[in-house]
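See structure below.
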Amino acid sequence: MFQSKPCSLALARDSPLRIEEPHYEGIRHFLLKLMLFYSKQSKSIRGANVVYRRILSQVDKPPIYEVFNLEKTFKMTFSLLVLHMWLCLRRLKQEGKEGVEFGQYLYEIYNHDVELRVSKAGVNLLLTKWMKDLEKIFYGNIVAYETAMLPDAKQDELVNSIWRNIFSDDGSPMPTDPAAMARYARRESFCLSLTDKEAMFSGNFMFTRLKSSTDPMKA
């Protein structure tokens, strides 16, 4: 599982899943330009929103829970969000300062979504403390994953990091293959490194499709 050759995750030009920048003409274009709709910041924010929707399309749907034998809890979904945010932020850093700035917009969108999820889970009191604690977990996990990907890291370091951060604290059963998610994360990281800048900044990519046992298209 997840041992096939990595490939770009960019969507084909004719893919119906692509989201293109809107193009307006005449007075509407003029007014939008005055309102900075076409500014670099506005384009980056729109692109970051699409990227985050790609993350949610992988994290919020049943296949990832079925494939990895996970229970869909707040903690588990949050852990998967962090893992996929790390994958995207890691790739964006390859684009230097521009990628880091884009990643900041992505993080702000993620942070707003997490705050909504915490509120939806019924946490209204001490919300600020919850968010600070989740922020610490976010950065702690990202450092652990990044360290595990260093050339001199131990062979099983990513497996151990994923086990500690995703599985070990909520009593989830050990997955059928403990290293499966580590192989998935490593492969997605390689695939994203092969995904071009335009696809990353526009959100026109999709994570590898996971196929559950009930998937009619499963080979």
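FYI, full-length UniProt numbering numbers position 132 of the sequence shown as 132, with every residue one higher than the one before it. The C-beta atom is built at its ideal place from N, Cα and C for all residues, glycine as well.
Only residues of its own chain outside the window of five on either side were considered, and among them Ala121 have a CB closer than 6 Å to the CB of Phe74, listed in chain order. Per DSSP, Gln58 is one residue of the alpha helix (DSSP H) stretching across Lys40 to Val59.
With respect to the C-alpha of Arg46, the residue from Lys211, Leu106 and Cys191 having the closest C-alpha is Leu106. Each residue's CA atom was taken as its position, placing Asn160 and Phe167 some 10 Å apart. Our two residues, Ile27 and Ala185, have alpha carbons roughly 47 Å apart in a direct line. The beta carbon of Ser4 is closer than 8 Å to those of Arg187 in its chain, skipping five residues each way along the sequence. At the C-beta level, Met200 and Glu95 come within 9 Å of one another. In this structure, the beta-carbon distance from Phe207 to Ile109 does not fall below 9 Å. In the structure shown, Phe205 falls within a strand segment according to DSSP collapsed to helix, strand and coil.
Here the stretch 11-23 does not lie against the stretch 78-90, with fewer than 3 beta-carbon pairs under 8 Å apart.
Counting along the chain, Thr128 sits inside the alpha helix (DSSP H) bounded by residues Leu127 to Ala148.
For Leu89, the closest of Gly103, Lys97, Met76 and Glu98 by C-alpha to C-alpha distance is Gly103.
Ser202 places its beta carbon 9 Å or farther from that of Ile64.
Listed in chain order, the non-local C-beta contacts of Arg183 below 6 Å within the same chain comprise Phe2, local neighbours out to five positions each way being set aside. Assignment of Ala121 by DSSP, reduced to helix, strand and coil, places it in the coil class.
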